[in-house]
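Letter by letter, the sequence shown follows residues 140 to 478 of the numbering used here. C-beta atoms are modelled at their ideal positions from N, C-alpha and C, and glycine is treated no differently. Quantities reported herein were computed from a predicted structural model and do not represent experimental measurements. Since the structure comes first, as structure tokens, the remarks are kept for the end.
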Amino acid sequence: MFKKIKLGLLVSVSSLVLLSACGGGGTATTSSGEKSVSLRLAHNQGTDHPVHKSLEEFTKLAKEESDNSVNVQVFPSGQLGQERDVIELVQSGTLDLAKVSASALESFEDSYSIFSLPYVFKSQEHYYNVMDNSKSVQEIYKLSKDKGFIALGWYDAGQRNVYTGDKEVKSPKDLAGMKIRVQESQTSIAMIKAMGGSPTPMAFGEVYTSLQQGIIDGAENNITALTVNKHGEVAKAYTLTEHQYVPDILIVSTKTWDKLSDSQKDTLANAVKESSESHKKVWADAVKSEEEAAEKLGVKMYEIDKEPFIKAAEPLHEEFVKKNESYKKYFEDFQAQNK
């Protein structure tokens with residue numbers, strides 16, 4: 140226990156030192172008379188990940204469309220900590236922006252748990268319709284303002300599936316007794332339990348070694364986890380359960396947001412929207428190439444009848460809508476987008 144606490148403190152201190160070294164908002168003035176700001180954005184994916192590439196597009200758009208008034212520096216690969224770490228840094232105002240999974244936000248604002256509900260999205264088209272058009276999504280984005288952050292937008296993080304060492308998972312019965320890594324989300328934990336497995340919450344950066352050493356039997360994630368993150372080297376069975384479409388969310392510190400001018404806020408909002416839209420093609424292209432790369436690693440992909448998993452997830456939907464009237468409204472709004 141002592142070692143874990145000591146490590147956590149070292150990570151936090153290192154992060155704070157690095158952030159301090161980078162400096163905060165700038166004082167230069169643009170040709171339009173706007174005072175420029177320098178913002179820092181952190182995430183836990185590598186520089187070859189499709190989401191990182193779209194975040195680079197976001198920073199480019201923000202700079203160009205603000206006449207150099209908004210300058211964003213990206214810290215990838217978990218340089219400033221894992222997702223919980225960077226969310227807390229954003230809350231405190233030490234960090235300006237972070238790209239995190241919606242599942243990670245659930246511990247800070249419970250309404251985000253709707254994004255982790257298994258099979259809440261019936262297809263990719265349904266998922267896109269909700270994320271782009273639902274008023275409930277926009278409402279959820281703003282609910283955490285008093286908790287230190289708001290969401291600016293989303294990026295497609297693909298379809299999540301179960302993968303194991305070498306075992307095809309045809310039904311919930313096949314997951315019995317298997318330790319499956321999940322994100323640190325109560326909804327994801329409940330999902331794996333409902334699907335028959337033994338959920339093991341764990342930071343993403345620990346998954347490869349845990350699979351390699353047999354600490355866990357499997358995990359669940361999108362195809363890039365097998366290739367970009369190399370999990371396909373130690374996990375050879377990818378079963379297309381298609382249980383979740385969990386978006387990546389770009390959050391901004393409330394303290395940072397309140398310091399920006401209206402035009403700078405508009406610039407960031409537009410840059411997220413534009414880069415999110417172009418990211419759909421980036422992601423689609425990545426999926427095609429990563430499926431081929433996974434096969435070269437020796438990964439076998441299994442298509443299954445998803446109905447047993449869908450039925451196993453239904454009680455989670457029922458529990459969610461019973462929490463309160465707002466959650467019921469969100470759920471119904473999501474389903475109404477399935478056209």
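Best match in the options for proximity to residue i [C-alpha to C-alpha]
i: Ser327; options: Leu455, Leu236, Lys274; result: Leu455
i: Trp422; options: Ser402, Ser175, His191, Val176; result: His191
i: Met341; options: Leu350, Asp285, Ala333; result: Leu350
i: Tyr280; options: Val213, Lys439, Val391, Met317; result: Val391
i: Glu453; options: Asn463, Phe470, Val373; result: Phe470
i: Tyr258; options: Lys468, Gly220, Pro311, Glu446; result: Glu446
i: Pro386; options: Leu194, Gly220, Ala237, Phe254; result: Phe254
i: Leu234; options: Ser400, Phe260, Gly287; result: Gly287
i: Glu222; options: Glu203, Phe247, Met440; result: Phe247
i: Pro311; options: Gln322, Gly336, Ile289, Gln218; result: Gly336
i: Tyr372; options: Gly304, Glu323, Lys419, Ser415; result: Per the sequence shown, the amino acid found at residue 372 is Glu instead of Tyr. The option with the nearest alpha carbon to Glu372 is Gly304.
i: Lys482; options: Lys332, Gly353, Ala410; result: For the chain, the structure presents residues 140 to 478; residue 482 sits outside this window and is missing.
i: Leu219; options: Lys199, Ala181, Leu200, Thr198; result: Ala181
i: Glu196; options: Glu416, Gln474, Leu256; result: Glu416
i: Ile226; options: Asn463, Lys419, Gln277, Glu323; result: Glu323
i: Lys284; options: Trp293, Tyr302, Met440, Lys394; result: Lys394
Extent of the continuous beta strand (DSSP E) run through residue i
i: Gln212; result: 209-214
i: Asp387; result: 387-392
i: Ser310; result: Neither: Ser310 is in no beta strand (DSSP E) and is coded neither H nor E.
i: Ser242; result: Not the beta strand (DSSP E): Ser242 falls in the alpha helix (DSSP H), residues 241-244.
i: Ala342; result: First-last for Ala342: undefined, no H or E at that position.
i: Ala233; result: According to the sequence shown, residue 233 is Thr rather than Ala. From DSSP, Thr233 is part of no beta strand (DSSP E); its letter is neither H nor E.
i: Ala358; result: 357-360
According to DSSP, residues forming a beta bridge with residue i
i: Ser177; result: Asn210
i: Pro257; result: None, per the DSSP bridge assignment.
i: Ala290; result: Ile390
i: Ser337; result: Lys318
i: Lys439; result: Ala376
i: Thr326; result: The partner list for Thr326 (beta bridge, DSSP) is empty, contrary to what the question assumes.
i: Tyr302; result: Ala358, Tyr377
i: Ala237; result: Ala181, Ile390
Residue i Cβ short of 6 Å to the ligand COA heavy atom set
i: Thr233; result: Of ligands this structure carries none, so the ligand COA is not represented either.
Beta-carbon contacts of residue i that lie in its chain and below 6 Å, excluding the five residues immediately before and after
i: Ser252; result: Glu245, Thr326
i: Pro189; result: Val421, Trp422, Ala425
i: Arg320; result: Thr339, Met341, Val346, Ile355, Ala358
i: Gln212; result: Arg179
i: Thr485; result: Outside the displayed span of the chain (140 to 478) sits residue 485, for which this structure offers no information.
i: Leu389; result: Lys238, Leu291, Gly292, Val411
7 Å Cβ shell around residue i - same chain, five flanking residues per side excluded
i: Glu458; result: none
i: Gln476; result: His265, Asn268, Val269, Asn272, Ser273
i: Lys261; result: Asn477
i: Asp401; result: none
Limits of the alpha helix (DSSP H) - the one that residue i falls within
i: Gly447; result: With the sequence shown as reference, residue 447 is identified as Pro, and Gly is not the correct amino acid for it. Taken as a continuous stretch (DSSP letters only), the alpha helix (DSSP H) holding Pro447 covers 446-462.
i: Gln383; result: Gln383 -> not in any alpha helix (DSSP H); beta strand (DSSP E) instead, spanning 376-383.
i: Arg319; result: Arg is not the amino acid found at residue 319; the sequence shown has Ile there. No alpha helix (DSSP H) contains Ile319, which is instead part of the beta strand (DSSP E) from 318-321.
i: Tyr266; result: 263-272
i: Ser193; result: 189-204
i: Thr366; result: 363-366
Proximity below 7 Å, CB of residue i to CB of residue j
i: Gly297; j: Asn368; result: no
i: Leu291; j: Ser250; result: no
i: Asn300; j: Tyr347; result: no
i: Leu379; j: Glu430; result: no
i: Met330; j: Leu314; result: no
i: Ala241; j: Val229; result: no
i: Thr366; j: Ala433; result: yes
i: Gln403; j: Val209; result: yes
i: Val438; j: Lys398; result: no
i: Lys412; j: Asp295; result: no
Cβ-based neighbour list, residue i, same chain, cut-off 8 Å, excluding 5 preceding and 5 following
i: Gly344; result: Asn183, Gly217, Gln221
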